[in-house]
Structures are given as structure tokens and as C-alpha cells.
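A short worksheet on the structure shown next.
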Amino acid sequence: MRATGTTLAILLVLLTSAGSPAWADSTNRERQEGFALYDAGRYAEAVSRLDVVLERHPNDVEALVRRGNSYLRLDRPTKAMGDFDRLVHRDPLNPSGHSDRGIALTMLSRYDEAEAEFARSIRLWANPLNGSSRLTPRIHSQVQEAKSVAYAGLAQVHHRTGRDQEALAEYDQAIAIFGTDPNTYIGRGDVHRKLGDFAEALADLDEAVRLGPGYARAFASRGRLLEDMQQDGRALADYDQAIAVDPRYAFAYSLRGGLKSRLGRNEEALADFETVGRLLPGDAVAHKDLGGVLVRLGRYPQAVVELDKSIAIDPKQSKAYQNRGAAYNSLARYDEAVADLDRAIKLDPKNAGAHSNAGLAYFMIGQYDRAIEDLSEAVKLAPKNAVVHFNRGNVFAKLGLKDQALADYQAAGDLNPKLVAAYGGSQRLYEEMARNAMAIRDQTPIRDASHDVDAYLERGRKRQAESDWTGAIAEYDRAVAADPRRAEVYIARGWSRLCADVDGAEIDAHAYLNLKGWGDPASSYMALLGALGARRAGREPEAYKFLEEALAKLPRQDAWPKAALLYLNGDLSDRDFLAKAGNDVQKAEVHTILALDLIRKDKPDDARVHLEWVADHSVDRSIAADLARATLSRLPRPNQLARKP
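Under mature numbering (1 follows the signal peptide of the UniProt record, and there is no 0), the residues of the sequence shown are numbered -24 to -1, 1 to 621, in order.
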């Protein structure tokens, strides 16, 4: 009898998570509003209501489930984990609680733990009592759907870890249990697409669209497949529909922009990529794509601006350097083009486009052997790409190597007849290119600007010591331009930007973390910088993304400044945050962060109290002291003196 009672309790938890009220004594206005906001997709507002509910009724399982799932939809899996941990601790035999934990762990890329959670959920569902035939048809359907989620979650883990055949088996099981969830068909279709089984993939994605006509992701996934199948018109229609279903779905705009650019509709592509930039202002790929289409439109100075932003956020993108190198080539800034294209090749030696563009740049500075070497490598990497043959043919023509040039033009024409025909054929193209057979200048060494970085850093630090934040930023800008992979520059410039109250601190945080990863000693402070910078810019989701990733990936021990990250993430009160500080430097950081939070809440007089504490305690040459003094200098004078804490 006890086993039966336990099972029924599990089912009650599941049913409440599907929408049926569980405890009448906890039903109140905030609870009803929170649930209604959740059902309406207004997850941030739902969280604020459910916070109140759970403070009063900490054992309200339905509220825990909904708040946890709200956090998942807000891309805050670490916060969701807190709710799901409470749920599983309260009822360790709850299979849906383990599935929810598995989803959060998957979002955090903790795949081994996620796999264990989904496997545990599947084992719990194997209890025959959890599929009791005595359930009503509606409740039975909800139970089957919940079972299916566990198998689909396990399939997603297998897919992300490269075990695609295992993923297909789990998706098959999920669909056999509950065959009307569009997400499961999308997942299985994506696996079939990766494996090259286009017919199977299309069948799955057609079914996903049929079952979920309101699922933007279903249309986007099918559009990608149709592009692979060279059905561009149908793919474009699917991207249009995905955007119609969800006008804020950035991924669909990105896919549509990429397809339109490939079709030569670059003005339309530009509009799509600009939309992606507005939806994802701190995304390196968004800036890279926008810069790329600007290059194709011949708007080279604008392209460089966007590509600068992309590289600042993530200095490890080969394509971003390739695109900026192409822009520099077109602006006749050949040394800079060569430097960028060499970086692109170093990051991705198999990037044929970077080799091709590098060859053209080396030709223009008179390094002919290196030019032919890079162009030939491009042909080797992409023998079916007409453009790389065309580019090498042009260089051969300018060097007077007629036979080699004509052979490349022939290959380019065979691959893309329109490309060579547009110039009147191979012979005429050769004659045109051979008229100016030499580059713009003779071979000269390319200046290595990396030795200038130390000088720029020294001057920048001197400006910092004088509280000349604008001057410091200018020096650090020069250092980044000289060597974008010098990580320490991003630390100095990022905190200077925050002190100067200008945009870009979060971009420098991204750049540093992309270069150094989460194991570096400074990474926790750069995550803190990123969260403060994003919050200052009014981009709360980006701030939480920094915090989520930091709390998930930084070492688990309670090392400073973890307390600051927890406070900004909403996991520590003001009082508890201050109590965590062990010395004056840490206390200065607490007071500075509390002050910034109060300024954001339009409480400048309260903020001044904390900032003056930092100033009075003379914590010299700490970033908290610099930031506090810079912020204090911008505050209006209070009407009356506030009492110091």
C-alpha cells in the first residue's frame, strides 16, 4: 500500500505541473497571476509572482515546476536547477523532476550528469504503477507525454555528444510512447539531417510542421534541410513562416539572411542581419554576418566597424577575420588584410576563402611566391569552388603565366559558366588582367605591430592612474588593433569602459572569456564585468547569461567573487552579500556593486552612501575603488547627507 501511495503522489505532482491546481490553501492572487503569465509566455513576470508564492508556500510543487521552467525559457538554467533540486529533494521518486533537471543540465552542457538524470527518470517511469490503466484518458495522455520527454531528453544528449545512432533509437522510443509532440520530430529530423538521410529528415520535419503549425523552430529546421536539398524557394518560404510565427526568432532571420545573401539578394539579407543584431546585440556571429554582407555590398568602412565588434566579442572566429581581411583588401589596406587573413588561417587552416583572399593580399604587396602558395592551397581545399580558381587565374595572368591562368579560367568556367562568361570568356579575361602585370608596390616586409602593445598598455595604465578613462580607452583600442589576442588588454579596457560609463565592457568580457576560458584566474571577475556592463546597457538577459555560465563553469568552491555573482543573480540578499566580504578590498567591491544596483533602481542618494564608504576607506588601486570614485564623480549632490552603513 505504501508503494501505491507513493506512486499516486508522484502522479499528483505531474498533473499539477500540467495545469491542474493541487492545493486549494495555496491558491491566491499571485499564484493565479503567475500561472496565467506563464501560460501566456511572459516568463520574467511569472517569476516575480511565483517568487512571492514560494516565499509563502515553499512546498508548492506546481509553483516550483512553473518557476523552474520559466527560468529555462529565460535561458537561466542555473536558477532553474535550484528549483528542480528542491523538487527532487522533496520527492526523489518524481520522474518529471529528474527530467527537468536533465534539461537544465543539458543547457549547461553538463552532459554526463544530464544523461544520468534522464536515465533515472526512465527507470522511475518503468514502474508499472506510473502507467496505471486506472487513470482517466486525459491524465494518461499527460503521463505518456512526460515519459516521452525523458527519452527525447536522453536522445538530445546523445546527439550533442556525437552518438547519433543511439539518439535515433531514443527518439524512436519517445515517439512510440507519445507521437504528437512536434519537438520530438524536430529532434529526430535534425539527427537524420546530420547523418545525410534527407528523405527521413524531411518526413520527420513535415510531421513536426503538421503537428506544430505554431512552432517557429519546426519551420526553421525544415528550411535548413531544404537548403541542403537545394530547394531554395521552399526553404525561403519556411524561413518566412518561422518569422511570421515568432517575429523575435533571431535564428530564423539569420538563416533567411544567409540564404538571401547566397542568392545575391544582399540588400534584403542586410535587413535580416540588422534585425538579428537588434535582437542579439552582444552576439559575435550576428556582427560577423552583418559585416560579411556589408562587404558583399561594397560598404567596406561599415563592414570593418561591424567586424571589429565581432572580433572584440570573440577573437577566435576565423570567418570574422576573413571578412575583415576582404574589406581591408578592398580598401587597399593590404598590410592589415594580410594580418587578418593570416589570423583566419591560423584559427582554421582549412578555410579556403581565407587562403584565397590572403593570396590576393600578398600579391598586392609584391610577395608573389606567398600569393601563389595561398591561392594554390585554396584550390586544394575547395577544388569545386569556381571563385578560388578564378582568383588564382587572375594572379597568374598578372604575373604573365598565360597557360596556368587559362587553365584556372577553364576550371572556373566549367564550375560556374556565368562567372567567366561575364568577362567575355577566358581569353579576353586573360588579356584584361595581364595589362597591369605588377602589384601596387614591390615586396617589403610587413610590419609586426605586436611589439607596440606593451607601449599602449603602459600609456593606458598611466591614463587610468590619472582617472583619464577616455584616454586610457583610446590607448587600449590601439593595443587591441595591434594584437586582438592579447587577453590582458580586454581586462584593462573593459573596466576602463565601465569606469567611463560607456558601452562595450560586456564585449571585452566576452573577448577575454573566449580567449582564456573559464579556468583562468581572472575569469570570475571578467564574468562580473560582463554582467555589470550588460546590465548598464539595459540588456538584462545578456547579464544573466554571463552569470548563469559563470556559476555553472567556474570552480565550485566558495571563492571570491562568487558571492558577487550570486548577488547579481538574485541568490543573495544585500545583508548576506556584505557578510561574505572578508577584507576591505572585498567590502569595497560589495559596496560598489550595491551602489551600481541602487543607481539602476533610481536611488542615487542611497548609492552615494556605499560609494563614499569606498572613498573613505582608501582601498587604493583596486578596480572597485576606481569604479566607485568614477561613479561618485557623476552623481548629483544629495539633498541631505545620508547615514553611512
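For each residue, glycine too, the CB sits at the ideal point set by N, CA and C.
Start and end residues, alpha helix (DSSP H) containing residue i
i, result
"Val429", "Val429 to Ala441"
"Tyr161", "Pro158 to Lys170"
"Gln278", "Tyr276 to Ile289"
"Phe553", "Asp550 to Lys556"
"Met502", "Ser499 to Arg512"
"Ser197", "Ala192 to Asp204"
"Trp589", "Pro580 to Asp592"
"Ile101", "Per the sequence shown, the amino acid found at residue 101 is Trp instead of Ile. Start and end: Tyr87 to Trp101."
"Gly240", "Careful: Gly240 lies outside any alpha helix (DSSP H) and carries neither H nor E."
"Arg272", "Ala260 to Arg272"
"Ala320", "Tyr310 to Leu323"
"Gln562", "Asp560 to Arg576"
"Leu181", "Phe174 to Leu187"
Buried/exposed call for residue i, threshold 16 Cβ in 10 Å
i, result
"Leu235", "buried"
"Gly253", "buried"
"Gln206", "exposed"
"Leu(-10)", "Any reading at Leu(-10) is ruled out, since the residue's pLDDT is 35, under 50, leaving its predicted position unreliable."
"Asp284", "buried"
"His65", "exposed"
"Asp345", "exposed"
"Asn70", "buried"
"Arg25", "buried"
"residue 684", "Residue 684 lies beyond the residue range present for the chain, which begins at -24 and ends at 621; the question has no answer from this structure."
"Asp477", "exposed"
"Thr446", "exposed"
"Glu402", "In the sequence under discussion, the amino acid at residue 402 is Ser, which differs from the Glu named in the question. Buried is the call here."
"Gln8", "exposed"
"Gln562", "buried"
"Lys620", "Only weak support exists for where Lys620 lies, its pLDDT of 43 falling under 50; the coordinates are left without a value."
"Leu433", "buried"
"Lys521", "buried"
"Pro223", "exposed"
"Ala398", "exposed"
"Pro537", "buried"
Distance CB(residue i)-CB(residue j) smaller than 8 Å
i, j, result
"Glu93", "Arg77", "yes"
"Arg368", "Gly335", "yes"
"Ala56", "Gly44", "yes"
"Ser294", "Asn327", "yes"
"Asn392", "Ala362", "yes"
"Ala184", "Leu130", "no"
"Arg437", "Ala468", "yes"
"Val167", "Ala192", "no"
"Asp59", "Leu40", "yes"
"Asp214", "Phe195", "yes"
"Ala218", "Gly233", "no"
"Tyr466", "Asp479", "no"
"Arg84", "Thr54", "Just to set this straight, residue 84 is Leu in the shown sequence, not Arg. A contact, by the Cβ cut-off of 8 Å."
"Ser117", "Ile162", "no"
"Ala177", "Arg169", "yes"
"Asp324", "Tyr338", "no"
"Gln298", "Ala330", "yes"
Coarse secondary structure for residue i, derived from DSSP in three states
i, result
"Arg613", "coil"
"Thr446", "helix"
"Val28", "helix"
"Ser402", "helix"
"Asp602", "helix"
"Ala409", "According to the sequence displayed, residue 409 carries Met and not Ala. Note: Met409 maps to helix in three-state DSSP."
"Pro68", "coil"
"Tyr225", "coil"
"Val478", "coil"
"Leu255", "helix"
"Gly17", "coil"
"Leu530", "coil"
"Gly301", "helix"
"Asp547", "coil"
"Gly155", "coil"
"Ala(-3)", "Note on Ala(-3): pLDDT 41, under 50, position unreliable in the model; the coordinate value appears next. DSSP places Ala(-3) in coil when its eight states are reduced to three."
"Asn45", "helix"
"Gln293", "coil"
"Trp536", "coil"
"Pro517", "helix"
"Gln207", "coil"
Residue i Cβ short of 7 Å to the ligand FMN heavy atom set
i, result
"Gly447", "Although the ligand FMN was asked about, the structure shown includes no ligands whatsoever."
4-residue-minimum alpha helix (DSSP H) runs that sit fully inside the segment 339 to 392, ordered along the chain: 344 to 357, 362 to 374 and 378 to 391
Residue ranges of each alpha helix (DSSP H) within the segment 106 to 147, 4 or longer: 113 to 136
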